[in-house]
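Student: The numbers in the sequence shown follow my numbering, run straight up by one, and end at 81.
Every residue gets a Cβ at the ideal spot worked out from N, C-alpha and C, and that includes glycine.
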Amino acid sequence: MATDAAAKFKSGLFQVVVEQCEGCDRIVNLEESKYCDIYVNPAAKWRLGICNFATHAKPEVEVATVRINPLKAAKRASKRK
Numbered sequence: 001m002a003t004d005a006a007a008k009f010k011s012g013l014f015q016v017v018v019e020q021c022e023g024c025d026r027i028v029n030l031e032e033s034k035y036c037d038i039y040v041n042p043a044a045k046w047r048l049g050i051c052n053f054a055t056h057a058k059p060e061v062e063v064a065t066v067r068i069n070p071l072k073a074a075k076r077a078s079k080r081k
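(1) Which whole-angstrom value is the C-beta distance of residue 40 and residue 20, which I expect to be below 8 Å?
(2) Mapping the DSSP letters down to three states, classify residue 48 as helix, strand or coil.
(3) Per DSSP, which one or two residues make a beta bridge with residue 28?
(4) As a quick exercise: from 29, 24 and 18, pick the residue whose alpha carbon is nearest that of residue 6.
(5) Please report the straight-line C-alpha distance between residue 22 and residue 63, rounded to a whole angstrom.
(6) Which residue from 56, 18, 57 and 61 puts its Cα closest to that of residue 35?
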């Protein structure tokens, strides 16, 4: 099974991981080179942001606070009754 994996990466189809991939659990070390076990071209996954296969990076979610006008809120609440 290990020889099958080595043949997969040595075929030249898979490219070496990029710096952003460091720390990911999907990296396979093979003779001084590191390859992504999931994706053929890791640099393409990082081009538009965070790689969706990355196990070490989580997207940041921004929570926007909405300011509510208390007069309008009271007016809306009185209409519902």
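Tutor: In brief:
(1) Their Cβ separation, rounded to whole angstroms, is 16 Å, which puts residue 40 and residue 20 out of contact at 8 Å.
(2) coil
(3) 35, per the DSSP bridge assignment.
(4) 29
(5) 28 Å
(6) 18
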